[in-house]
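Heads up, the thing below is written out as structure tokens.
Rendered as structure tokens:
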């Protein structure tokens with residue numbers, strides 16, 4: 001059984017069919033990428049999976065469970081974390097606090113205990129901190145630990161965004177354009193991290209990305225979408241050579 | 001510049017960064033506790049007033065500063081706290097029980113109101129709280145048997161295990177009582193901020209979408225913040241009732257709500273210390289104005305008291321000045337000044353320059 | 001018969017709420033900010049008109065006096081935006097709320113210092129006159145209020161829907177940066193809208209003053225107008241007006257037929273009910289943020 005199964009997913013905003021009949025399955029332990037021209041509905045698929053949008057039609061199964069009726073905040077506890085394309089960090093907190101906020105689904109104390117700061121809270125805080133330090137070490141964020149997000153360069157924020165999703169301790173991580181706006185060196189680094197996430201952490205990665213070199217380098221399978229509809233699915237090489245995909249990128253109509 | 005060598009995660013978890021910081025806070029509390037022996041009755045009463053304002057300010061700070069929700073009607077919660085406390089005491093409940101119950105009742109009321117209210121965002125919530133304020137004010141007048149209606153009522157004097165804490169006959173005791181409550185609430189608040197609950201508040205404030213994506217239940221978090229905020233404000237209201245001793249609905253006017261906003265904005269949004277700075281300012285400025293008025297009268301013979309509302313004008317001017325030139329408030333100013341001294345002479349003028357920003361709409365159409 | 005009488009009076013006072021609410025909505029539509037000093041701008045507008053028209057002050061003729069007052073208040077509105085509000089662009093919405101509340105106090109202080117805090121009456125040519133249709137007495141001031149409001153709403157609708165400046169203002173409200181890049185003078189448009197809202201509130205103030213005495217605290221009526229704007233959905237000009245009329249009608253009817261106290265609470269109860277059932281108002285124009 002696949003880790004994530006999306007069946008006939010569709011969302012219509014008024015008359016606009018942003019996503020229309022997309023189906024795919026992500027197997028545990030693979031890196032799966034969604035590509036497509038701007039406005040193809042890639043980020044919308046992510047927003048549907050993380051339940052920020054309510055689908056017009058279709059079903060999303062995660063880990064053998066139908067998550068379509070769940071609310072947005074009920075997704076992360078199942079082990080599904082995500083990043084945002086336009087960086088949605090907590091600007092007025094430090095990097096460390098941002099990562100600690102990623103540990104929310106693992107909190108074991110309630111607000112009364114928190115206010116009294118009973119010993120259990122301190123123990124839990126230490127445990128969260130150890131997990132977060134692992135993430136900091138993995139992403140080499142040590143130098144920025146106590147810095148406020150508001151003052152950080154774009155590239156670092158992008159990494160913190162990935163770090164916060166990793167701090168959730170997910171089974172599946174959704175990366176929304178992790179390399180957009182990064183330099184060649186920085187996106188190469190992202191490629192290494194994605195490989196490490198899969199190999200060392202046993203994570204499954206679902207990614208939306210424009211940078212084809214990154215996609216080819218790390219993906220096991222690729223789904224191409226255009227105008228909200230699936231075009232082709234397969235290995236990176238297969239999808240790239242598919243005439244319909246080429247047509248979608250070049251903007252010509254396809255007659256079949 | 002002081003460098004702290006952290007040796008354990010506990011350095012970051014603890015309330016204070018080192019022994020010095022801890023010592024400073026302890027010293028402050030000791031000085032505050034010794035105040036009755038240092039100043040006269042008039043200033044002691046003012047100090048108690050400042051403490052009560054700080055408490056109410058902290059209540060609003062939870063909401064405005066730490067969860068990013070605005071309330072223009074917090075005076076309503078002061079009123080609920082004050083009236084609940086007095087009503088319970090009038091049916092024979094001792095203060096030691098009626099006081100926490102007043103806070104609890106206000107908090108519960110706030111949380112209940114919040115559940116529909118938190119679905120609204122930003123400006124709508126502010127307006128809803130304003131409407132709630134007007135409704136509570138009318139209810140206070142209507143519920144005459146409990147609240148004394150327009151005539152008002154007398155707050156009974158506080159007695160705990162035979163010790164009297166009346167504001168007029170035993171001001172020292174009353175002051176210490178206020179101080180104890182404020183210290184306790186401050187401690188709870190500071191704990192909250194370093195715990196997962198506090199982080200979830202900040203998360204909701206700074207980015208609602210990512211908070212949801214991280215598994216934070218926005219509605220519950222906001223309702224909790226609203227409830228805690230109202231609870232603290234309710235406690236402050238109950239102390240305020242005892243401080244004023246004889247009050248009616250006019251004590252909790254819309255101006256009080258606005259003064260409370262002034263406390264948190266001028267003090268510094270997002271800092272507990274800000275609530276205290278703001279409270280000091282708001283209780284000190286009327287005194288300063290009175291002194292100034294006297295001096296001007298003596299020197300020039302111009303009687304400024306013919307201009308009613310001069311106080312509010314000065315408050316408004318201060319507020320406008322702060323919003324335009326120092327949105328981080330008094331505490332933010334102090335932090336910047338401190339950094340300037342620590343780096344002296346290396347601080348640059350542009351270090352705290354605010355980024356030029358544009359209004360980006362949250363509307364899609 | 002009595003009910004009809006109440007409703008007509010209610011529609012007239014509702015028009016005044018509606019006009020102040022229009023002022024809110026104008027500024028909100030253009031700048032996405034909420035001007036909590038709107039009620040006080042209305043108050044100041046009424047006083048400026050009184051200062052120009054009344055025989056012991058300016059002693060101008062009524063219509064030129066009101067037009068001059070509207071022009072002055074337009075300047076005041078423009079100036080407030082130019083000198084104060086523009087300084088805080090980019091700060092959270094909440095900052096503007098506090099800023100305008102403070103500005104309201106400043107305006108109230110100014111009016112109190114110039115004209116005093118005791119109630120004054122604006123001399124109008126139609127004071128105390130009325131007509132009778134089928135046994136229903138309609139005061140001239142109510143008639144004038146309703147007609148002027150209808151005309152003004154029509155004008156504003158044309159302004160936003162069809163004029164260059166109106167369209168530019170709508171563009172600026174949706175994305176200041178983008179509007180700026182395509183050549184919309186965002187800052188000037190914002191100031192113009194503030195000026196326009198000053199004019200509208202002056203007219204509201206004059207209509208209000210034609211029905212009774214005014215003092216510097218009548219600005220608190222702004223809170224009720226606010227409720228009207230919210231009921232109408234805050235982005236909608238006709239919505240604001242309808243919200244105002246609804247409140248204006250419900251208030252006297254509730255005072256007549258329901259137990260005491262309910263009438264004062266009624267605008268807010270309606271508003272809360274609307275907010276709870278339709279969190280973005282009856283004529284919602286606001287959608288969720290895009291990620």
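Protein chains in written order, with full-length UniProt numbering: chain B, 1 to 256; chain R, 1 to 365; chain A, 1 to 291.
Just so you know, even glycine gets a beta-carbon here, dropped at the ideal spot from N, CA and C.
Quiz item: Looking at the C-beta of residue 73 (chain B), does it have a partner C-beta in chain R at a distance below 8 Å?
Solution: Locating residue 73 (chain B) in the first chain gives position 73, where the first residue counts as 1. It does; some Cβ of chain R falls within 8 Å.
Quiz item: Roughly how many whole angstroms lie between the Cα atoms of residue 234 (chain R) and residue 228 (chain R)?
Solution: What you label residue 234 (chain R) is simply residue 234 of the second chain in a count that begins at 1. What you label residue 228 (chain R) is simply residue 228 of the second chain in a count that begins at 1. Each residue's Cα considered, the two are about 10 Å apart.
Quiz item: Given residue 33 (chain R), which residues of its chain have a CB within under 6 Å of its CB, disregarding the five upstream and five downstream residues?
Solution: In the second chain, the residue the question calls residue 33 (chain R) occupies position 33. Excluding sequence neighbours, residue 33 (chain R) sits near nothing in its chain.
Practice problem: Give the DSSP bridge partners of residue 101 (chain B), in chain order. | Solution: In the first chain, the residue the question calls residue 101 (chain B) occupies position 101. None, per the DSSP bridge assignment.
Quiz item: CB residue 25 (chain A) to CB residue 234 (chain A), shorter than 8 Å?
Solution: The residue given as residue 25 (chain A) occupies position 25 in the third chain. The residue given as residue 234 (chain A) occupies position 234 in the third chain. Yes, the Cβ-Cβ distance between residue 25 (chain A) and residue 234 (chain A) is below 8 Å.
Self-check item: Beta-carbon contacts of residue 85 (chain R) that lie in its chain and below 7 Å, excluding the five residues immediately before and after
Solution: For this step, residue 85 (chain R) is matched to residue 85 along the second chain. For residue 85 (chain R), where only same-chain residues beyond five positions count, the Cβ hits under 7 Å are 98, 99, 102, 238 and 241.
Quiz prompt | Euclidean distance between Cα positions of residue 65 (chain R) and residue 193 (chain R) | solution = Residue numbering aside, residue 65 (chain R) sits at position 65 when the second chain is read from its first letter. Residue numbering aside, residue 193 (chain R) sits at position 193 when the second chain is read from its first letter. Those two C-alpha atoms are separated by around 12 Å.
Practice problem: Write down every uninterrupted run of the beta strand (DSSP E) in the stretch 111-196 of chain B whose length is 3 residues or greater and which is fully enclosed by it, in chain order. | Solution: 172-176
Exercise. Reducing DSSP to helix, strand and coil, say where residue 71 (chain B) ends up.
Key: Counted from its first residue, the first chain places residue 71 (chain B) at position 71. Here residue 71 (chain B) sits in coil by DSSP.
Quiz item: Are the C-beta atoms of residue 125 (chain B) and some chain R residue less than 8 Å apart?
Solution: Reading the first chain from its first residue, position 125 is the one you call residue 125 (chain B). Yes, residue 125 (chain B) lies at the interface with chain R (some Cβ there is under 8 Å from its Cβ).
Quiz item: Distance, Cα to Cα, residue 144 (chain R) vs residue 158 (chain R)?
Solution: Indexing the second chain from 1 puts residue 144 (chain R) at position 144. Indexing the second chain from 1 puts residue 158 (chain R) at position 158. Answer to the nearest angstrom: the Cα atoms are 23 Å apart.
Practice problem: Would you decide whether residue 115 (chain A) is buried or exposed? Buried here means 16 or more other CB atoms lie within 10 Å of its CB. | Solution: Along the third chain, read from residue 1 onward, the residue named residue 115 (chain A) stands at position 115. By the 10 Å Cβ count, residue 115 (chain A) comes out buried.
Exercise. Compute every distance between the C-beta of residue 128 (chain A) and the non-hydrogen atoms of the ligand GDP, then say whether any falls below 7 Å.
Key: With respect to small molecules bound, the structure shown includes none, and the ligand GDP cannot be examined in it.
Quiz prompt | the stretch 23-33 of chain B touching the stretch 211-225 of chain B, judged by at least three CB pairs closer than 8 Å | solution = yes
Quiz item: So, are the CB atoms of residue 20 (chain A) and residue 248 (chain A) less than 8 Å apart?
Solution: The sequence position of residue 20 (chain A) within the third chain is 20, counting from 1. The sequence position of residue 248 (chain A) within the third chain is 248, counting from 1. Their beta carbons are not under 8 Å apart, which means residue 20 (chain A) does not touch residue 248 (chain A) by this criterion.
Exercise. Buried or exposed for residue 277 (chain A), please, with buried defined as at least 16 other CB atoms from any protein chain shown within 10 angstroms of its CB.
Key: Position 277 of the third chain, counting from 1, holds the residue named residue 277 (chain A). Flag for residue 277 (chain A) reads exposed.
Self-check item: Members of the stretch 122-139 of chain R near chain A, C-beta cut-off 7 Å
Solution: 122, 123, 124, 126, 127, 128, 130, 131, 134, 135 and 138
Self-check item: Closer than 7 Å at the beta carbon, the chain R residues around residue 268 (chain A)
Solution: Here residue 268 (chain A) corresponds to residue number 268 of the third chain, with the count starting at 1. Result: 131, 134 and 135.
Quiz item: For residue 75 (chain B), which option in B:156, B:169 and B:219 has the closest C-alpha, if you only look at C-alpha atoms?
Solution: In the first chain, residue 75 (chain B) corresponds to position 75, counting from 1. Among B:156, B:169 and B:219, the Cα nearest to that of residue 75 (chain B) belongs to B:169.
Quiz item: What are the boundary residues of the beta strand (DSSP E) that residue 250 (chain R) is part of?
Solution: Numbered from 1 along the second chain, position 250 holds the residue referred to as residue 250 (chain R). No beta strand (DSSP E) contains residue 250 (chain R), which DSSP labels as neither H nor E.
Quiz prompt | Under the three-state DSSP convention, the category residue 86 (chain B) falls into | solution = Numbered from its first residue, the first chain carries residue 86 (chain B) at position 86. Three-state DSSP puts residue 86 (chain B) in coil, outside helix and strand.
Practice problem: Quick one: using the 10 Å Cβ neighbour count with 16 as the cut-off for buried, is residue 224 (chain A) buried or exposed? | Solution: Numbered from 1 along the third chain, position 224 holds the residue referred to as residue 224 (chain A). It is buried - the Cβ of residue 224 (chain A) has at least 16 other Cβ atoms within 10 Å.
Quiz item: Listing by chain order, which chain R residues have their CB less than 8 Å from the CB of residue 260 (chain B)?
Solution: Here chain B has residues from 1 to 256 only, and residue 260 (chain B) is not among them.
Self-check item: Extent of the continuous alpha helix (DSSP H) to which residue 251 (chain A) belongs
Solution: Here residue 251 (chain A) is taken as the residue at index 251 of the third chain, counted from 1. Taken as a continuous stretch (DSSP letters only), the alpha helix (DSSP H) holding residue 251 (chain A) covers 237-257.
Quiz item: Under 8 Å, do residue 202 (chain A) and residue 49 (chain A) count as touching if we go by C-beta distance?
Solution: In the third chain, the residue the question calls residue 202 (chain A) occupies position 202. In the third chain, the residue the question calls residue 49 (chain A) occupies position 49. Their beta carbons are under 8 Å apart, which means residue 202 (chain A) touches residue 49 (chain A) by this criterion.
Exercise. Would you grab the beta carbon distance between residue 132 (chain B) and residue 96 (chain B) for me? Rounded to a whole angstrom, and I think it's under 8 Å.
Key: Working through the first chain from its first residue, we reach residue 132 (chain B) at position 132. Working through the first chain from its first residue, we reach residue 96 (chain B) at position 96. Indeed they touch by this definition, with Cβ atoms about 7 Å apart.
Quiz prompt | Three-state secondary structure (DSSP) of residue 159 (chain R) | solution = Working through the second chain from its first residue, we reach residue 159 (chain R) at position 159. It is a strand residue.
Quiz item: Can you find at least 3 beta carbon pairs, one from the stretch 151-170 of chain B and one from the stretch 47-63 of chain B, that sit closer than 8 Å?
Solution: no
Quiz item: Where do the ends of the beta strand (DSSP E) carrying residue 62 (chain B) lie?
Solution: Walking along the first chain from the start, residue 62 (chain B) turns up at place 62. Segment 57-62, the beta strand (DSSP E) holding residue 62 (chain B).
Quiz item: Among A:102, A:241 and A:7, which has the Cα closest to the Cα of residue 40 (chain A)?
Solution: Here residue 40 (chain A) refers to the residue found at position 40 of the third chain. Measuring from the Cα of residue 40 (chain A), the nearest candidate turns out to be A:102.
Practice problem: Verify whether the separation of the beta carbon atoms of residue 122 (chain A) and residue 46 (chain A) is less than 8 Å. | Solution: On the third chain, position 122 is the one that residue 122 (chain A) refers to. On the third chain, position 46 is the one that residue 46 (chain A) refers to. Yes, they are a contact pair.
Quiz prompt | Buried/exposed call for residue 181 (chain A), threshold 16 Cβ in 10 Å | solution = On the third chain, residue 181 (chain A) is found 181 positions in, with the first residue counted as 1. So residue 181 (chain A) ends up on the exposed side.
Quiz item: Would residue 272 (chain A) count as contacting chain R if we go by Cβ distances under 8 Å?
Solution: The residue you call residue 272 (chain A) lines up with position 272 of the third chain. Answer yes: the Cβ-Cβ gap between residue 272 (chain A) and chain R drops below 8 Å somewhere.
Quiz item: The alpha helix (DSSP H) spanning residue 40 (chain A) covers which residue range?
Solution: Within the third chain, the letter at position 40 stands for residue 40 (chain A). Here the alpha helix (DSSP H) through residue 40 (chain A) covers 38-53.
Exercise. In the DSSP assignment, find the unbroken alpha helix (DSSP H) run with residue 291 (chain R) in it and report its ends.
Key: As a first step, residue 291 (chain R) must be located in the second chain, where it is residue number 291. Where residue 291 (chain R) is concerned, the enclosing alpha helix (DSSP H) stretches over 272-300.
Exercise. Assign residue 248 (chain B) to one of three DSSP states: helix, strand, or coil.
Key: Stepping through the first chain from its first residue, residue 248 (chain B) is reached at position 248. Helix, per DSSP.
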